[in-house]
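Down below is the structure, laid out as structure tokens.
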């Protein structure tokens, strides 16, 4: 008879009774590979729809202005955008490929985490499948956005933490795993500054619920040092620029709908299967005896949910935690099946339940399909933010260029847009229409550059006469945006102005124009 390994030094008697699995099931290579390849194929088929999203254009513009930090994020995604634009110029499919691969990585980490918790191949496949069917992950695979990378790196860190917990329960130090988690954290800090919250809550939960010696592990301190070094350039940029990230946090607070909205979106973004697995997995981590070594992770999820909800964070801030929750849920179901009574009635009940689960996955696939950008442009609803903010950029650029080139050339003229999305679009498409320098007082675009002191006139997209007359002595409306598309865009009927006679030098006026809102 095999015996369990000795408990690690410093483990309390209670912790010694709550042991992680000593051996792991086989990894479900065939089904997970099939799911990943299928997800990749579908993602590539729709990658060119419908056009550049506003944030994607901003990342391209930010990539052309390299910096250790930006007003709204670290440099990771702009660097990715710059790399893809350099390797595959003007390829929308190539630009979105890194997000697709990152989301596939998330799916794989869900399966790997399930295996670490003792889940067999069916459980691993179910956890990965739940990720594939979640509308949030379908959407994050389609766009080059910050959270595509952030959530995958969170899932990687949590897999390493789960693996460290199992190794530690078996008497090993597991420090290489913690150092590895530190390296992943260092990368994550280049995409979003949220992951320190995960580590802080994880360590506090471990102190309260075990493994209590986690904060004393040398590997954790090495991981912390690596993370601080990685974050330092971005933090210094924030200091030099007056911590604009804090002002951006206030904008996020104003754009969210409070605790109720946060919790509602938290479940709807993963669909019916994901929502069910989230509850089952969280309860399993908190209350299931076989998963008690990982209880501190469940406590961490609860604490982070409360933290982000009360601080008016965005619901996708928690997306990195779904992998471990789905994994725990499928393991709970597996444990239930293994402990069933060996009776015919129970067997038939379980078969019926299995059929119901299969039908639920099939039904949930409809929600995932509806998330894909496959509807004709004429059927896009005004509330579909991603689609409506991915249309009309070239007609808008052409209209602004027409107004710009129609003005007498003897007066130095600049192009300014009130929001960073349209400024980014003009930055990308403008050179084809003879537009070189484009400026915007909006968010991070404000930091890129400002008009020269010799500029006496601007073509201005957006805002209104009352605002513009505060800054310019001569303001006249010259047109409105008309894209002639079958779907309404964010910019349909937006006013185009020509404003002259700035009331102050641009060195003084530009700071007054700066705003953090989108519009």
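Numbering (the UniProt record's numbering), first residue to last: 1 to 519.
Built from N, CA and C at the ideal position, the CB exists for glycine as well.
How many Å lie between residue i and residue j at the Cα?
i, j, result
"residue 407", "residue 63", "31 Å"
"residue 55", "residue 124", "34 Å"
"residue 444", "residue 505", "21 Å"
"residue 315", "residue 306", "11 Å"
"residue 194", "residue 317", "8 Å"
"residue 43", "residue 142", "7 Å"
"residue 68", "residue 79", "10 Å"
"residue 232", "residue 70", "13 Å"
"residue 86", "residue 60", "10 Å"
"residue 245", "residue 313", "13 Å"
"residue 403", "residue 457", "12 Å"
"residue 319", "residue 469", "44 Å"
"residue 454", "residue 105", "51 Å"
"residue 229", "residue 202", "21 Å"
"residue 492", "residue 270", "32 Å"
"residue 296", "residue 206", "5 Å"
"residue 412", "residue 508", "18 Å"
"residue 510", "residue 451", "8 Å"
"residue 111", "residue 127", "6 Å"
Taking only three categories from DSSP, how would you classify residue i?
i, result
"residue 530", "In the structure displayed, the chain extends from 1 to 519; residue 530 sits before or after that span and is not available."
"residue 414", "strand"
"residue 489", "coil"
"residue 476", "strand"
"residue 65", "coil"
"residue 515", "strand"
"residue 390", "coil"
"residue 71", "coil"
"residue 52", "coil"
"residue 442", "strand"
Just curious, the beta strand (DSSP E) that residue i is in, first and last residue?
i, result
"residue 496", "495-502"
Quick check on the burial criterion: 16 or more other C-beta atoms within 10 angstroms. Buried or exposed for residue i?
i, result
"residue 192", "buried"
"residue 369", "exposed"
"residue 148", "buried"
"residue 266", "buried"
"residue 517", "exposed"
"residue 381", "exposed"
"residue 190", "buried"
"residue 501", "exposed"
"residue 34", "exposed"
"residue 273", "buried"
"residue 405", "exposed"
"residue 236", "exposed"
I need the boundaries of the alpha helix (DSSP H) containing residue i, first residue and last residue.
i, result
"residue 450", "Note, residue 450: premise wrong, no alpha helix (DSSP H); not H, not E."
"residue 268", "258-268"
"residue 426", "420-429"
"residue 142", "135-142"
"residue 374", "It is not in any alpha helix (DSSP H) - residue 374 carries neither H nor E in the DSSP assignment."
"residue 482", "Per DSSP, residue 482 belongs to no alpha helix (DSSP H) and is neither H nor E."
"residue 432", "Careful: residue 432 lies outside any alpha helix (DSSP H) and carries neither H nor E."
"residue 221", "218-240"
"residue 119", "Taken as a continuous stretch (DSSP letters only), residue 119 belongs to no alpha helix (DSSP H), as it is neither H nor E."
Name the DSSP beta bridge partners of residue i, please?
i, result
"residue 459", "415 and 498"
"residue 406", "Partner(s): none; residue 406 has no beta bridge."
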